[in-house]
Amino acid sequence: MNRNMIIMALILLVSCQERRHPEHQDDLIVGAMNVTATEGDTLFYDKVMKQLLEEAGPDWDIGRRMVLAGKMFLGTPYVASTLEVEGDEHLVINLLGVDCTTLVEYVTAMALCSAGDRQGSAGDRQGSAGEQQGSAGDQQNSVGDRQGPAGDRHGFGCFARQLAELRYRGGMIDGYPSRLHYFTEWLKDNERKGYIDIISDEAGNRKLDTKVGFMTANPGSYRQLEEDASLVYVMAGIEKWISAYDMRYISRDQIDDIAPLINDGDIIAFVSDIEGLDVSHTGLAIFVDERLHFLHASSRSQEVEITTVPLSEYLADSSRIPGILVARVKPVAD
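According to our numbering, the sequence shown is numbered sequentially starting from 446.
As structure tokens, then:
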């Protein structure tokens, strides 16, 4: 077995790196933003948002909203590569089949949309991403026709705009390389945009090796890179700056000690020791009987689940996972 075959065999063992071409749903293009979704997706979104608006009081923080939204996905099928559809890069929404990363993105966008008036979700988060405010803000009305249970303030239009903000660099959809493919960049970019704080950069006890290069080393595993060789060079430049990140992680043996610093609904990512790959799996922190568990889309059980044992026990024998990254979604008012 050659080196590339070995690497690909390893990748199939982790949850969110499979590159199968999915059997995608029928398209529903919503407005000029070119959003692909189905009526089933909008109905599921309305169901989750209705629950959030009915149960979440004004004193509920984002973490509690994340957990409630995450629980609404329990039992949802695990489906890899739902974003890898034919045609130009555009916003794809598939709430009826998720992988570990899309689950985190959907839950985060739902929690933020439920927490307040997100009409200006791009514009209100000025900070270092202020120059990008037109990325979703200029398209504000393009998906606003689809009203949710409380109108577009909490509706599917808000969700689509917020999702684009989270999924793409600077919130701008500009071809395949603009998607945040590596999760460390997803974290860093969303921290710059003001949506999250990376807790593990402060609480971590180990320095993270952020060197990435898996995508350009295996272009045949990615349809877009295989079809357009120029994108390989673009991705190589992106990998170079990701590899220069200065980040820390919490080692596997320290998870229980660090658990008091973690909140319900925090985003957790498993550090990978596979060459060129930063993160192998993601999900949400959820406390069960005061112990830290993990809500995630599992490729093993093929559905969204909560681990039956605490996270430290779940990872105890996972020698290929050195530790975890932790991030916290920030309050809307920040």
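Beta carbons are placed, not taken as given, at the ideal position from N, Cα and C, and that holds for glycine. Small disclaimer: the values here were computed from a predicted structure and weren't measured.
Inset, instruction - Please state if the CB of Gly-728 and the CB of Ser-713 are separated by a distance shorter than 7 Å. - result: Rather than Ser, the amino acid found at residue 713 in this sequence is Ile. Yes. Within cutoff.
Inset, instruction - Name the two residues that bound the continuous alpha helix (DSSP H) containing Ala-514. - result: 507 to 517 is the span of the alpha helix (DSSP H), which, as asked, contains Ala-514.
Legend entry - Thr-655 in three-state terms, based on DSSP: Here Thr-655 sits in coil by DSSP.
Inset, instruction - Kindly confirm or deny that the stretch 716 to 736 and the stretch 647 to 662 touch, where touching means at least three C-beta pairs closer than 8 Å. - result: Between the stretch 716 to 736 and the stretch 647 to 662 there are three or more C-beta pairs closer than 8 Å, enough to call the two in contact.
Inset, instruction - Taking the CB atoms as reference points, tell me whether Gly-768 and Arg-697 lie closer together than 7 Å. - result: If you check the CB distance, Gly-768 and Arg-697 come in under 7 Å.
Inset, instruction - Assuming His-738 and Phe-732 form a contact by the criterion Cβ under 8 Å, report the distance between their Cβ atoms to the nearest whole angstrom. - result: About 7 Å; that satisfies the 8 Å criterion.
Inset, instruction - Pull up the distance between the alpha-carbon of Tyr-490 and that of Gly-508, whole angstroms please. - result: Straight-line spacing of the CA atoms in Tyr-490 and Gly-508 works out to 18 Å.
Inset, instruction - Report the residue ranges of all alpha helix (DSSP H) runs contained in full by the stretch 684 to 753; include only those spanning at least 4 residues, in chain order. - result: Here the runs fully enclosed are 700 to 703.
Legend entry - Nearest-angstrom Cα separation, counted from Pro-664 out to Glu-672: Distance between Glu-672 and Pro-664, taken at the CA atoms: about 9 Å.
Legend entry - Reduced DSSP secondary structure (H/G/I, E/B, other) of Gln-592: Because Gln-592 carries a pLDDT of 40, less than 50, the predicted location of this residue cannot be relied on, and the following value inherits that uncertainty. Coil.
Legend entry - Residue from Asp-711, Ala-704, Glu-748, Thr-521 with nearest C-alpha to Glu-735: Here the closest residue by C-alpha is Ala-704.
Inset, instruction - Flag this pair as yes or no: are the beta carbons of Val-777 and Gly-561 separated by less than 7 Å? - result: Cβ distance < 7 Å, so Val-777 and Gly-561 count as in contact.
Legend entry - Validate contact between the stretch 547 to 559 and the stretch 602 to 611 using beta carbons, cut 8 Å, 3 pairs: Contact annotation: the stretch 547 to 559 touches the stretch 602 to 611, with at least three C-beta pairs closer than 8 Å.
Inset, instruction - Mind checking who Arg-624 pairs with in its DSSP beta bridge? - result: According to DSSP, which records beta bridges pairwise, Arg-624 is partnered with Tyr-613.
Legend entry - C-alpha distance - Ile-644 paired with Arg-637, whole-angstrom precision: If I take the Cα positions, the gap works out to 14 Å.
Legend entry - Within 7 Å, strictly: CB atoms of Ser-559 and Arg-510: Yes.
Inset, instruction - Take Ser-573 and list the residues in its own chain whose beta-carbon comes closer than 7 Å to its own, dropping the five residues that flank it on each side. - result: In this prediction, Ser-573 has a pLDDT of 37, which is less than 50 and means its spatial position is unreliable; nothing more can be read from the coordinates.
Legend entry - Residue environment, Gly-520, which counts as buried when at least 16 other CB atoms sit within 10 Å: Counting Cβ neighbours within 10 Å, Gly-520 comes out exposed, since fewer than 16 surround it.
Legend entry - Local Cβ density within 10 Å of Tyr-500, reported as buried at 16 or more and exposed below that: Inspection of the sequence shows that residue 500 is occupied by Glu rather than by Tyr. It is exposed - the Cβ of Glu-500 has fewer than 16 other Cβ atoms within 10 Å.
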